[in-house]
Every structure is written in structure tokens, then in C-alpha cells.
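If you're matching them up, the sequences are chains W and S in order. Every position in the first sequence, counted from 1, becomes a number in this note's numbering once 1241 is added. Every position in the second sequence, counted from 1, becomes a number in this note's numbering once 1241 is added. Positions of the beta carbon are idealized from the N, C-alpha and C atoms, including for glycine. Please read all numbers here as calculations on a predicted model, not as lab measurements.
There are 2 protein chains.
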Amino acid sequence: MRYIDAFNHFNPPRYHEQVLESPLGQKDLGKRVRGIPALWDLGRRLEVVDMFPDYTQVLSLGMPMLDRLWGPDKSPDMAKLANDGLAEVAAKHPDRFAGYTAVVPMNAPEAAQKEAERALKNGANGIQLGTNVNGKPIDGKEFWPLYETVAKSGRPILLHPARTRAMPDYEGEEKSKYEICSVLGWPYETGVTLSRFVFSKIMDTYPDLKIVSHHLGGVIPYLEGRVAHSFDQMGARTSDEDYEGLRKSLKKRPFDYFKDFYADTAIEGVRAPMICGIDFFGADRVLFASDAPFDKEKGPGYIRSTIAVLESIEMIPEVREKISFRNAQKLFGLK
Amino acid sequence: MRYIDAFNHFNPPRYHEQVLESPLGQKDLGKRVRGIPALWDLGRRLEVVDMFPDYTQVLSLGMPMLDRLWGPDKSPDMAKLANDGLAEVAAKHPDRFAGYTAVVPMNAPEAAQKEAERALKNGANGIQLGTNVNGKPIDGKEFWPLYETVAKSGRPILLHPARTRAMPDYEGEEKSKYEICSVLGWPYETGVTLSRFVFSKIMDTYPDLKIVSHHLGGVIPYLEGRVAHSFDQMGARTSDEDYEGLRKSLKKRPFDYFKDFYADTAIEGVRAPMICGIDFFGADRVLFASDAPFDKEKGPGYIRSTIAVLESIEMIPEVREKISFRNAQKLFGLK
């Protein structure tokens, strides 16, 4: 079977140097990324890709939240550097890299829109976005011109979660404990951000906007019952905001927006959740992806386990092809 | 098939009067509960139960977080009133109510331990706990005597989620928007609270403690890959706390604690997540439950849909019996 890996991570060389020189890069982040050569060393990366037959990647940056690394004075240039670097790597190895997505400087919303426009014209196959900007939401009106640009392009947004430790899990605490913010908080925030795309009416305003949610929709598919029946009753628990009025003013049932999002298979190679997620989004909206190279082997681990899990699930050939590569071809505009 | 409904909600009459007289009861909460007669009207409740053949309920209070309704001066008496009321209703209709769980005043930790002891001696079949106390976590040392008491009793904790709107979903915001706190935040907080039971070492200290997580484990089963592989790497992302040392000092792999929790089937009657959750917890640790009467029909809706979903899933008879009633018999000490 042919596989196009829709969501995995790579930092092109010149951009990677800048990451290491950034304040965060000189601390924990630098230590962490240095330990994963397939994230930034092209030679090692090609070795990993070549371990799998008929397998190519659409490259995305290691982490789309440039706002964590640089202020708005520098982030637009860094985005450009990252995007041009990814374009160069992809162009040089089209047999291994089917395409790439671009990042945008979300702490400089106007520049973000412009960089999206530039990168998409330059051949980027999508835009990778974090679920927050320095901890703040991304559904504010200042970002709507960006969403309009992406919607018009026909290319997707790849939504990458992150939740800061500064968001505590209980009242009266200063930060999230035990790394719960990243283990459970990231997929939670994916769910939150998708919800805010719905209820802020971004999806009503830009119905052509295609959003691919990393990690098979975060928490959404498992919470199908609540997303359906509890959002149907939105307003019943609140008296200081007119959520009932808001719900009734939407063009569709809340649940239907969630079913219209896309999702990838990057859930660290587990089977039962994979079946649950595919059931939720359906054969036309799930894209094969590995999240490489963030496995314990630092490269091939999740590619191998994700393919193995998909192959263990019974599907008709048409569905298998859609998930493995055809949906990616269509969404990213690939051949 | 015989069904014992392990987690559903009822307020006994005298306690219900007190709820309506409480400050919250005079506002939104009162309006909401008044609209659901099967939550507090015994006659209506019996009608709902009688709609289903060979079906009984283990009653739990409408909402275990008495701390939201009363201060520590009053909550111990209110817990007693609730528990004695549930005991009375269950004793009067043993053909409909197989048992009941007790609540404890968590904003008065010593009284909570004492009330648990009293109620369990008085025949309560478990203790229902909220995932927070007035927004604060429940893994603090002040609650450990309570957990010791429950662990020794052999009866389970029924863990009920709630997340306050005061916990915003992003930095810089004052509260959660669009009721995301209850739709997605509740199952998220179930996951958080289970994690804190593990990493605070409550589970290492009281290995006999049995925790039944409402809504089929919250978000845990769908995040199986992260709960396994990401918690295995706990410490890698943090330098200001020794999480690696903590992880290594645990008696088991983090993942194994999560597999040892129990869970109920109360997920609003959806099929794919049901299969995913049963796969995660296994046949010995899933209990049939409906969350009645919080469906749109205000009574029978979730009972009917949950039974229908379970019957649509292929299982060997032994597994079906365990989930439908045998696990409940064992855990609650029922005949």
C-alpha cells in the first residue's frame, strides 16, 4: 500500500540553528531536540523514510508555535526562513517528501496572513497552526483574514495542539502538575480549539475551511455522545451569556461541524481508539500520519506501529486507499 | 439480560428540599433540577425504572459536590441527610433499587472520613466523589484518611466529574466559554483526577482502592497511546520538578494504574467509543450505567440507548454478564 504521511515533523537546517539560538533553545527545548537527529538532520531523516516502501512525507515544522521562541519583531522572518527551508528540502527530494506545510507568525496576525499568502503561492500544501498563541486562543477576529486566505486556497490547516503548564488543571494552583498539560491537556485543547472554531462562527463564515486535527481529533471522537447531545443543550447551564441564542443562530447542528473536521491517525499506534476515530470522522476525512520522529526510537517507531495498526483493521480497499494516501492527495493537492 | 445500573442520579425528598433552599438552588440549579422530575420525584422515578425488564439501579445523589451548595458548617449534616434518604428509598424498594452510594462533605475532610465510615457501616454500597472540591484537587493529604477508610471497606469510589467555568481554557481569559467546561472539560477532569490519584501515590498507598470513573474513563481510553508512551517519558519535558525520579519511584508503570481503574458505560449511548472503552478497561472493570435521568427525555433515554448499544456489540455471554450486572454485584457487594 502506498502511504503519504500527512503530519510529521522536521526542522530545516538554517531554521534549526535559529531555534537552538533562541532563549528556549538554549534551555530545555534545545536539549530535547538535539536528542532527536531525525528532526533536523536531513541525512538521518532520509534513512528513516527509506525504511518504509512506497512511503512519502508531507513535512511540517517541529513545532508551529514560533510565538514561544520569538517576539513579533522576529517571528515573521523566522516563519519565512522555516517555510523556504521546508520548500527547499521537499523540492530536492520529491521521491521522499510529497510536499510541506508552512507556519505563520501568529503573534503578528497581519504578518501571519501575509506569510500564509506568500507560502501558499510558493507551493506550500497547507498551513500548520498551534491551538494557541502564547497560551491565548486563536479564534479572535484578528486571525480571520488568515482563515479567509487559507479557505480560499483550498489547502488545509493542520492543527497542532499544545497547552502551556501555566494553565493549571484546578483552581488555586499555579501550573499543571505531572506533565498532565502535555499528555492529556494537548488533545483536550484540540477539542477546545475545534469547539471555538465552531462557536465563534469561523466555520459558518468560511465553510470551505478545512481543518485537519492532529491526533485523530484530540478528545472529540470519544466524547461523541457529549459533543452531540450536550452541545445540543448549550445554554441550559448558563444564564449570564445567551448561548441558546448563539446555538440557534448557527447554520448547522453543533455536532455536524465536528463531523466535518478532518483528522489524522497520529495516536502512537493504538488500535481501539483508531477504530473509534475513523468511525467518527469517516473514510473521507481521516489521513494517515505518524507524528514522526517523536517516538521512543526517535524516528521510525510511530510510522511502523501506525501502519501495523491500520493493516490490522478490516476495511474495503477503497477506504484503505483513501486513508492511506488518496485523502492526502486531494487535500494537499498532490499527484 | 439482567441489568444493574451502577451510576445514575436521584435526590431523596428531604434532601432535595434543602437543595432548592440553598443559594444555588434558588438560581440556575433549582430551575434545572425542577425540570427533571425523575431526579427527585420517587413516583416518576419508579415509573422510569419499571419501563425496563430485569433492571435495577444503585442510586447515587444528583451531584456529589455538596461543597458547591453549602459551607463546611452545613455540608456534613446535608451529607447525612442525603445518605439516610437514599438508604431509606433503597430499603423501601429493593426490587427496583439494588443499593446506593453515599456522599461525603469534602469541604470538611475529617467529617468526610467520618461520614464515609458511618454510611458504609450503615450499608452504603460505595462512596460518590466529585473530581474537585470547590474547584480544588482531591489528592491532598487531608483526604487520605478518607481513602484509607474506603479502601478498607472493599466498596468502590464512584468518581463524578465536574469542572467549574472559573477554569478558563486559555490564558488571559476569565472563564471557560461556550459551556466547553462541562461538555469537554468534565471528561478531561476525570482524566486529570485519575492521573493525580496515580502520581500523588494514593494508589501505591492504598492498592485496594477501587475507583469507578464515570463516563467510561473520561478521556483516558481514547488517549491510550499518550497515557502509555508519553507518561513513560514523564520528566523529559520538565526541569523544575523531579518527575523522572517520581516516575521511577512508582511501584508500577503509569499505564498499568490506568488499566486498573474501573469505568462505567454512561456515554450517552454511542457505539464506537463504547467498544474503545471496553477494550481499554477490559471485561472485569466495566460496569453498566446510564447516567439517568439526564437525557433529553429526562428519564429513560440513556437507559434505553445504552442497553441498545451494548446489545449491538458482539460479546461472549460471560463478558456480557460481567458488564451488565456481575461486576456491579461484586464491587457493590450485592446479591
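Go through its chain and collect everything with a Cβ distance to residue i's Cβ below 6 Å, but skip five positions before and after it.
| i | result |
| --- | --- |
| Gly-1371 of chain W | Pro-1305, Met-1306, His-1401, Ala-1403 |
| Gly-1542 of chain S | Asp-1536 |
| Tyr-1296 of chain W | Tyr-1244 |
| Tyr-1256 of chain W | Leu-1322, Ala-1323, Gly-1326 |
| Arg-1526 of chain W | Tyr-1503 |
| Ala-1339 of chain W | Ile-1245, Thr-1297, Val-1299, Leu-1575 |
| Met-1242 of chain W | Ser-1565 |
| Ile-1519 of chain S | Val-1527 |
| Pro-1313 of chain W | Asn-1348, Ala-1349 |
| Gly-1266 of chain W | Val-1260 |
Over the uninterrupted beta strand (DSSP E) stretch that includes residue i, give me the two end residues.
| i | result |
| --- | --- |
| Val-1511 of chain W | Note, Val-1511 of chain W: premise wrong, no beta strand (DSSP E); not H, not E. |
| Glu-1340 of chain W | The residue asked about is misnamed: residue 1340 of chain W is Gly in this sequence, not Glu. Element bounds for Gly-1340 of chain W: 1338-1341. |
| Tyr-1225 of chain W | Here chain W covers residues 1242 to 1576 and nothing more, so residue 1225 of chain W does not appear. |
Looking at the secondary structure, which residues open and close the alpha helix (DSSP H) in which residue i lies?
| i | result |
| --- | --- |
| Ala-1328 of chain W | 1316-1333 |
| Ile-1421 of chain S | 1421-1424 |
| Gly-1458 of chain W | 1455-1458 |
| Asp-1501 of chain S | 1495-1501 |
| Ala-1352 of chain W | 1350-1362 |
| Tyr-1543 of chain W | 1542-1553 |
| Phe-1573 of chain W | 1568-1573 |
| Asn-1256 of chain W | Strictly speaking, residue 1256 of chain W in this sequence is Tyr, with Asn absent from that position. Run containing Tyr-1256 of chain W: 1254-1262, per the alpha helix (DSSP H) assignment. |
| Met-1562 of chain W | Per the sequence shown, the amino acid found at residue 1562 of chain W is Glu instead of Met. Unbroken alpha helix (DSSP H) run through Glu-1562 of chain W: 1558-1562. |
Using C-beta distances below 7 Å, list every residue in its chain close to residue i, excluding the 5 sequence neighbours before and after it, in chain order.
| i | result |
| --- | --- |
| Glu-1389 of chain S | Tyr-1447 |
| Pro-1378 of chain S | Arg-1437 |
| Ile-1516 of chain S | Ile-1554 |
| Trp-1311 of chain S | Ser-1263, Met-1319 |
| Pro-1428 of chain S | Pro-1402, His-1456, Gly-1459, Val-1460 |
| Ala-1332 of chain W | none |
| Asn-1363 of chain S | Ala-1328 |
Apart from the five residues just before and just after residue i, which ones in its own chain have a Cβ nearer than 8 Å to its Cβ?
| i | result |
| --- | --- |
| Asp-1291 of chain W | Arg-1337 |
| Leu-1361 of chain W | Ala-1343, Ile-1368, Thr-1390, Val-1391, Ser-1394, Arg-1396 |
| His-1470 of chain W | none |
| Val-1585 of chain W | Summary: the structure shown does not reach residue 1585 of chain W, with chain W confined to residues 1242 through 1576, and so no result is reported for it. |
| Val-1433 of chain W | Thr-1372 |
| Asp-1410 of chain W | Ser-1417, Lys-1418, Ile-1421, Cys-1422, Gly-1426 |
| Val-1468 of chain W | Ile-1461, Pro-1495, Phe-1496, Phe-1499 |
| Tyr-1289 of chain S | Here residue 1289 of chain S is Val; the residue named in the question, Tyr, does not match the sequence. For Val-1289 of chain S, where only same-chain residues beyond five positions count, the Cβ hits under 8 Å are Ala-1279, Ala-1533, Pro-1534, Gly-1540, Pro-1541, Ile-1544. |
- Query: Can you list, in chain order, the residues of the region 1467-1487 of chain W whose Cβ is nearer than 9 Å to any Cβ on chain S?
  - Reply: Arg-1467, Val-1468, Ala-1469, His-1470, Ser-1471, Phe-1472, Asp-1473, Gln-1474, Met-1475, Gly-1476, Ala-1477, Arg-1478, Thr-1479, Ser-1480, Glu-1482, Tyr-1484, Leu-1487
- Task: Examine the Cβ distances between the region 1472-1482 of chain S and the region 1418-1425 of chain S and report whether three or more of them are shorter than 8 Å.
- Result: no
- Message: To be precise: take each residue of the region 1506-1527 of chain W, compare its Cβ to all Cβ atoms of chain S, and keep it if any distance is under 7 Å. Which residues remain?
- Response: Ile-1508, Glu-1509, Gly-1510, Val-1511, Ala-1513, Pro-1514, Ile-1516, Cys-1517, Asp-1520, Phe-1521
- Between the region 1311-1318 of chain W and the region 1280-1290 of chain W, are three or more C-beta pairs nearer than 8 Å? no
- Message: Extract the residue ranges of the alpha helix (DSSP H) inside the region 1274-1309 of chain W, only unbroken runs of 4 or more that lie entirely within it.
- Response: Those alpha helix (DSSP H) runs which fall completely within the region 1274-1309 of chain W and span 4+ residues are 1283-1291.
- Message: Output needed in chain order: residues of the region 1490-1502 of chain W with a Cβ under 7 Å from some Cβ in chain S.
- Response: Cβ contacts with chain S come from no residue of the region 1490-1502 of chain W.
- the region 1449-1462 of chain W: positions lying closer than 7 Å to chain S by Cβ: Val-1460, Pro-1462
- Does the region 1257-1270 of chain S come close enough to the region 1284-1299 of chain S that 3 or more CB-CB pairs lie under 8 Å? By the Cβ rule, the region 1284-1299 of chain S does not count as touching the region 1257-1270 of chain S, because fewer than three pairs are nearer than 8 Å.
- Message: My parser needs the alpha helix (DSSP H) runs of 4 or more residues fully inside the region 1368-1400 of chain W; what are they?
- Response: 1385-1394
- Hey, which unbroken runs of the alpha helix (DSSP H) at 4 residues or more fall wholly within the region 1444-1489 of chain W? 1455-1458
- Item | Inter-stretch contact (C-beta, 8 Å, three-pair minimum) for the region 1384-1397 of chain W and the region 1340-1350 of chain S | no
- Query: Is the region 1546-1554 of chain W touching the region 1508-1516 of chain W in the sense that three or more CB pairs, one from each, lie closer than 8 Å?
  - Reply: Result yes; three or more Cβ-Cβ pairs closer than 8 Å.
- At a Cβ cut of 8 Å, what residues of the region 1259-1274 of chain W count as close to chain S, listed as they run along the chain? Lys-1268, Asp-1269, Arg-1273
- Message: Under 7 Å, CB to CB, which of the residues in the region 1361-1390 of chain W have a partner in chain S?
- Response: Asn-1373, Gly-1376, Lys-1377, Pro-1378
- Residues from the region 1392-1406 of chain S in contact with chain W, defined by Cβ distance under 7 Å: Thr-1405
- Task: Report yes or no: do three or more beta-carbon pairs, one from the region 1455-1475 of chain W and one from the region 1460-1468 of chain S, lie closer than 8 Å?
- Result: yes
- Would you list, in chain order, the members of the region 1428-1451 of chain S that have their beta-carbon closer than 8 Å to a beta-carbon of chain W? Pro-1428, Tyr-1429, Glu-1430, Gly-1432, Val-1433, Ser-1436, Arg-1437, Phe-1440
- Message: I'd like to know if the region 1517-1532 of chain W and the region 1556-1573 of chain W are in contact, where contact means that at least 3 CB-CB pairs between them fall below 8 Å.
- Response: yes
- Message: Against chain S, which members of the region 1534-1554 of chain W pass a CB distance test of less than 7 Å?
- Response: Residues Lys-1537.
- Query: Looking at chain W, which residues of the region 1287-1299 of chain S have a Cβ within less than 9 Å of any of its Cβ atoms?
  - Reply: none
- Query: Residues in the region 1405-1420 of chain S with C-beta within 9 Å of chain W's C-beta atoms, listed in sequence order?
  - Reply: Against chain W - using a Cβ distance shorter than 9 Å - the residues of the region 1405-1420 of chain S are Thr-1405, Arg-1406, Ala-1407, Met-1408, Pro-1409, Asp-1410, Tyr-1411, Glu-1412, Gly-1413, Glu-1414, Ser-1417, Lys-1418, Tyr-1419, Glu-1420.
- Message: Tell me which residues of the region 1311-1342 of chain S have at least one Cβ-Cβ distance to chain W shorter than 7 Å, keeping chain order.
- Response: none
- Query: Using a beta-carbon distance cut-off of less than 8 Å, what residues from the region 1558-1570 of chain W approach chain S?
  - Reply: none
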